[in-house]
Each structure stands twice: as structure tokens, then as C-alpha cells.
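Participant: Here it is: the structure, laid out below.
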Amino acid sequence: MIMPNLYEHDIHAWTQQTVDLLRQRRFQEVDIEHLVEELETMGRRDRQELVSRLKILLGHLLKWQYQPAHRSSSWRGSILEQRLRVRDLLEDCPSLKPFLGEAATAAYGDGMKLASKETGLPLVQFPETLPYALAPLLDDDWWPEDACSHSAHR
Numbered sequence: 009m010i011m012p013n014l015y016e017h018d019i020h021a022w023t024q025q026t027v028d029l030l031r032q033r034r035f036q037e038v039d040i041e042h043l044v045e046e047l048e049t050m051g052r053r054d055r056q057e058l059v060s061r062l063k064i065l066l067g068h069l070l071k072w073q074y075q076p077a078h079r080s081s082s083w084r085g086s087i088l089e090q091r092l093r094v095r096d097l098l099e100d101c102p103s104l105k106p107f108l109g110e111a112a113t114a115a116y117g118d119g120m121k122l123a124s125k126e127t128g129l130p131l132v133q134f135p136e137t138l139p140y141a142l143a144p145l146l147d148d149d150w151w152p153e154d155a156c157s158h159s160a161h162r
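Each residue of the sequence shown is one higher than the last, beginning at 9 in our numbering.
Pasting the structure below:
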């Protein structure tokens, strides 16, 4: 039995009902408006997760680069974990791959703020724009150079 307003009262039950209706090819009974809304939300959620993972990854890469004396296995583990999660997300959602550059650029500002907060270094200490190429970001064997080996960033 189809319940009116099920979407507003119990999203899980609505999802199950929608799946059942689709499997039974009862398309006329499907709540198309909410189905479209949920599909759009899923797409946005994947993009948001990519940006979120990149924020953490970039923040931790900056910490790694700008505070080499404080490097730890915990930092290394966090960087490797975020790389793995981003690669998994891109594997599960290949259509996000063309968005990677835009996502990394969007994530950099917050990643820089994270690094500043966690290191105590001022924001001006870090490059204004994303200092890393995209390809090595997800390479487990790539680690940024020490900041002290660079002459100037700003």
C-alpha cells in the first residue's frame, strides 16, 4: 500500500517503497519529485565528500611540509588514509575525476586554515594557491619537500 507523505515521515520506508515500485515497474506510482531530489543530493554528497577529504589531505600535507620536526606516524597515517579514501571515491564515482582539480582548488583554502590552526603558523606562511600538482597528491610514495628548502612562497 502506498502511503501519502511517506517521504516526510520515514525516508527509509519511502526508499524501500520506491525500490519496490521500480522493481515491479509500477512507474506511475513512483514519487518522481522526491526521487529526483534524492538522486541530486547523492551527487552533491559525493562531490562534498571529495572536497572534504581533500581539505584534510591538503592540510596534513602542509603540516608535513612546514613542520618537518613534528612529523609522526599519526600524520603519515592520516595522509595515507585520506589518499586511500579519495582514490576509493574516484573509483566508485569515476565521473568525479574531471572535478578533481576544481575540488582540490576549492579545498585548499580550508586545508590551509586547518594547517595553520594545527601548527600555530600564520596563514601567510603558506602559499596563497595550491602548491601541489594533482598527480602526486594521491601517490602514496610522494611527500612534499620541507618548506625550509624553498626560498619564498609569498
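Note that beta-carbon positions come from the ideal geometry of N, C-alpha and C, so glycine has one too.
For a quick check, are the C-beta atoms of F134 and L69 less than 8 Å apart?
Facilitator: No, Cβ-Cβ distance for F134 and L69 is not below 8 Å.
Participant: Can you tell me whether G119 is buried or exposed, with buried defined as 16 or more other CB within 10 angstroms of its CB?
Facilitator: By the 10 Å Cβ count, G119 comes out buried.
Participant: Going by the beta-carbon positions, is the gap between V38 and T23 smaller than 8 Å?
Facilitator: No. Outside cutoff.
Participant: Would you mind sorting Q56 into buried or exposed? The rule is 16 or more other CB atoms within 10 Å of its CB.
Facilitator: So Q56 ends up on the exposed side.
Participant: According to DSSP, is L146 part of a helix, a strand, or is it coil?
Facilitator: If DSSP states are grouped into helix, strand and coil, L146 belongs with coil.
Participant: Could you say which of V94, R84 and L98 lies nearest to D149 if we only look at CA atoms?
Facilitator: The shortest Cα separation from D149 among V94, R84 and L98 belongs to R84.
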